[in-house]
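I have placed the structure first, in the form of structure tokens, so that the comments after it can refer back to it.
Here's what the structure looks like:
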């Protein structure tokens, strides 16, 4: 991390603070009543009070801000007060960070469009317990505490693991909407396992689950996890999971050309173009009413095979066959997701987040 | 996991036990003195006592067995007593599991070749402390305990993080040899961070480090981690990190053909062949005296870029720029690897493991 020293962090914190000050004063100068709240004070009451919300931070802060805005009428504007560290994909162009009055002026004059960011909703069933979200930011939990926080039922794990069918509880709609992605995978603790079968992969225990896309047949899979993302999220973790390096593209084309007995012009320029086009196909617009699922590091062997590693859909169902897994929403909120539980991810128009795109 | 119920596990344990019995009796019937030790009792003394070692379990057990055999004269033979769950890549063909006397006979008659499995050695410097390996299998640690076990020095983290240069301690050769791979990445706890910059990615915090290949220039990288593997390990995790799905190969060829204005025969058969060839290029022979490094999910942005995502080499140096990272050897032993520490991975002939390849 650039400036990973303590003094470096302090410096960036000071820059952030003065950037926040600039935004607050610009708003107040324009006659707008402002309430400034820190991460820990930000809640539904604050959201209700506001006519609009300005997120002052990086992309991570935008995710946090959006997580409590479940109403598509409440505009959210992001200002990147930490440009050294955050790409600011979800924020206004970085030039407005020090010239916020200009942004305000455009907003007041209507020189902008609404940018609707489609989000995902999540139903959960078959756990037999009320799902309690664990906020990973607020609580600063150690992994042990994180796991304990999930364990709010005294149902015997062995009993649940032994069940052939999930407990027939109604699917409950979780009180979250994903702006980037929902990631499903094994948690990374090495808590009690039968000693004979101690998993040898501590930091990357394989995830076992079944997946059904758009109501299609269930398919068993084993992988490093499953990502289900939005258009917004297609530029985030999902992008890094799926993108190819020029080196890989070159090798595929070389083998393909050789196999087909044709000539391909494998110049640097050509390879760069093909690579960029391939990677661009992984990204889609924030307002598209669909989701994109991708399997991370699928493991194919005698038992498991995946037909498609990724694709677009309107609905994805996942049934956990994991010992100790969770679903993580936007890297910030997690839900227990163990053997038998079924998660359903869908796209609903009312789950869009209202953000702005200023005219050039 | 197939049979992830408690009764399923018990059944597999019983199968394992009877398979072990079969091997033991076969050896005793052949007049060979046998000592049977469990995981927890397996140590250097046992290895010294033995003329040869038979690993009875799956591939995970073979890794554990090999981890205490640092002498290339001691033959190790793997018998897959858990074929339902383990692929047994490191073991004898599965038909010998129930017909071990046949395997013994071939061994006694010399109807086999030595299969040398090249391993990797690891030097560590710049931590200012003696590196204590943490055995992740034996200790069944929670992640919190795992981190505590690493913290055997009271050197102030901030001081170390603030240092521009690593503490000048001599590089120490670690008492481990990697049979599959060394994986370097951020640990996955969310312990104390300055609240302003709480990392939003709990389960997949990016790893920051610098890498130098074969003595080349240092390059800053940000990714989901770095894998350095052997020929043996090239069929394990490294393979799953790097392999491509037919779907991806098809897309690359489609774009490449279109871009170049040529026709490629994108039949299922053709795509399967190209995909298989590509994936086969990721695998190399266990006895090859070289290592293969690959970057998992490289993150490219304004600050970081990777020239090559993977490649063969004789030596790889990695300098940590991580908050809380570790090096994990064969998924079983981990070492703290924080800001400033430098790991050097090399290939040495004396680090080969002596295993057998029975004649057909």
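Protein chains in written order, with the working numbering: chain X, 9 to 368; chain W, 9 to 368. Cβ atoms here follow ideal geometry from the backbone N, Cα and C, with glycine treated the same way.
Quick check on residue i - is its C-beta less than 8 Å from some C-beta in chain X?
{"i": "residue 295 (chain W)", "result": "no"}
{"i": "residue 264 (chain W)", "result": "yes"}
{"i": "residue 361 (chain W)", "result": "no"}
{"i": "residue 88 (chain W)", "result": "no"}
{"i": "residue 28 (chain W)", "result": "no"}
{"i": "residue 316 (chain W)", "result": "yes"}
{"i": "residue 268 (chain W)", "result": "yes"}
{"i": "residue 320 (chain W)", "result": "no"}
{"i": "residue 273 (chain W)", "result": "yes"}
{"i": "residue 101 (chain W)", "result": "no"}
{"i": "residue 281 (chain W)", "result": "yes"}
{"i": "residue 356 (chain W)", "result": "no"}
{"i": "residue 5 (chain W)", "result": "Within the shown structure, residues of chain W are numbered from 9 to 368, placing residue 5 (chain W) beyond reach of any answer."}
Is the beta carbon of residue i sitting closer than 8 Å to the one on residue j?
{"i": "residue 301 (chain X)", "j": "residue 252 (chain X)", "result": "no"}
{"i": "residue 324 (chain W)", "j": "residue 236 (chain W)", "result": "yes"}
{"i": "residue 87 (chain W)", "j": "residue 55 (chain W)", "result": "no"}
{"i": "residue 180 (chain W)", "j": "residue 131 (chain W)", "result": "yes"}
{"i": "residue 329 (chain W)", "j": "residue 216 (chain W)", "result": "yes"}
{"i": "residue 272 (chain X)", "j": "residue 270 (chain W)", "result": "yes"}
{"i": "residue 120 (chain W)", "j": "residue 367 (chain W)", "result": "yes"}
{"i": "residue 125 (chain W)", "j": "residue 356 (chain W)", "result": "no"}
{"i": "residue 337 (chain X)", "j": "residue 221 (chain X)", "result": "no"}
{"i": "residue 51 (chain W)", "j": "residue 82 (chain W)", "result": "no"}
{"i": "residue 47 (chain X)", "j": "residue 78 (chain X)", "result": "no"}
In terms of alpha-carbon separation, which member of the options lies closest to residue i?
{"i": "residue 99 (chain X)", "options": "X:299, X:85 and X:280", "result": "X:85"}
{"i": "residue 349 (chain W)", "options": "W:113, W:331 and W:239", "result": "W:331"}
{"i": "residue 280 (chain W)", "options": "W:255, W:227 and W:359", "result": "W:255"}
{"i": "residue 74 (chain X)", "options": "X:110, X:367, X:368 and X:360", "result": "X:360"}
{"i": "residue 225 (chain X)", "options": "X:79, X:239, X:25 and X:327", "result": "X:327"}
{"i": "residue 68 (chain X)", "options": "X:319, X:341, X:347 and X:364", "result": "X:341"}
{"i": "residue 276 (chain X)", "options": "W:264, W:60 and W:274", "result": "W:264"}
{"i": "residue 133 (chain X)", "options": "X:364, X:362, X:358 and X:346", "result": "X:346"}
{"i": "residue 66 (chain X)", "options": "X:78, X:27, X:52 and X:222", "result": "X:27"}
{"i": "residue 297 (chain X)", "options": "X:283, X:321 and X:308", "result": "X:321"}
{"i": "residue 214 (chain X)", "options": "X:103, X:308, X:315 and X:223", "result": "X:308"}
{"i": "residue 31 (chain W)", "options": "W:267, W:18 and W:113", "result": "W:113"}
{"i": "residue 191 (chain X)", "options": "X:299, X:22 and X:274", "result": "X:299"}
{"i": "residue 39 (chain W)", "options": "W:333, W:116, W:240 and W:15", "result": "W:116"}
{"i": "residue 245 (chain W)", "options": "X:339, X:59, X:42 and X:305", "result": "X:305"}
Put residue i into one of helix, strand or coil per three-state DSSP.
{"i": "residue 200 (chain X)", "result": "Here residue 200 (chain X) scores only 27 on pLDDT, less than 50, and its place in the model should not be relied on; the value that follows carries that caveat. Reduced to three states, the DSSP call for residue 200 (chain X) is coil."}
{"i": "residue 238 (chain X)", "result": "coil"}
{"i": "residue 333 (chain W)", "result": "strand"}
{"i": "residue 116 (chain W)", "result": "helix"}
{"i": "residue 17 (chain W)", "result": "helix"}
{"i": "residue 73 (chain X)", "result": "helix"}
{"i": "residue 131 (chain X)", "result": "strand"}
{"i": "residue 323 (chain X)", "result": "strand"}
{"i": "residue 289 (chain X)", "result": "coil"}
{"i": "residue 86 (chain X)", "result": "strand"}
{"i": "residue 247 (chain X)", "result": "helix"}
{"i": "residue 164 (chain X)", "result": "Reliability of the predicted coordinates at residue 164 (chain X) is poor, the pLDDT of 39 falling under 50, and the value obtained from them is presented with this limitation in mind. Residue 164 (chain X) falls in the coil class under three-state DSSP."}
{"i": "residue 122 (chain X)", "result": "strand"}
{"i": "residue 68 (chain X)", "result": "helix"}
{"i": "residue 268 (chain W)", "result": "helix"}
{"i": "residue 355 (chain X)", "result": "strand"}
{"i": "residue 345 (chain W)", "result": "coil"}
{"i": "residue 104 (chain X)", "result": "helix"}
For residue i, would you say it is in contact with chain W, using Cβ-to-Cβ distances shorter than 8 Å as the test?
{"i": "residue 253 (chain X)", "result": "yes"}
{"i": "residue 225 (chain X)", "result": "no"}
{"i": "residue 259 (chain X)", "result": "yes"}
{"i": "residue 221 (chain X)", "result": "no"}
{"i": "residue 307 (chain X)", "result": "yes"}
{"i": "residue 292 (chain X)", "result": "no"}
{"i": "residue 256 (chain X)", "result": "yes"}
{"i": "residue 22 (chain X)", "result": "no"}
{"i": "residue 217 (chain X)", "result": "no"}
{"i": "residue 346 (chain X)", "result": "no"}
{"i": "residue 286 (chain X)", "result": "yes"}
{"i": "residue 289 (chain X)", "result": "yes"}
{"i": "residue 211 (chain X)", "result": "Bear in mind that the predicted position of residue 211 (chain X) carries a pLDDT of just 47, short of 50, making it unreliable; the figure below should be weighed with that in mind. Yes, contact with chain W."}
Is the beta carbon of residue i within less than 7 Å of some heavy atom of the ligand ATP?
{"i": "residue 73 (chain X)", "result": "Only the bare structure without any ligand can be found here, which leaves the ligand ATP out of the picture."}
Sufficient close CB pairs (3 or more, under 8 Å) joining the segment 216-233 of chain X to the segment 281-300 of chain X: With a cut-off of 8 Å on Cβ pairs, the segment 216-233 of chain X is not in contact with the segment 281-300 of chain X, counting fewer than three such pairs.
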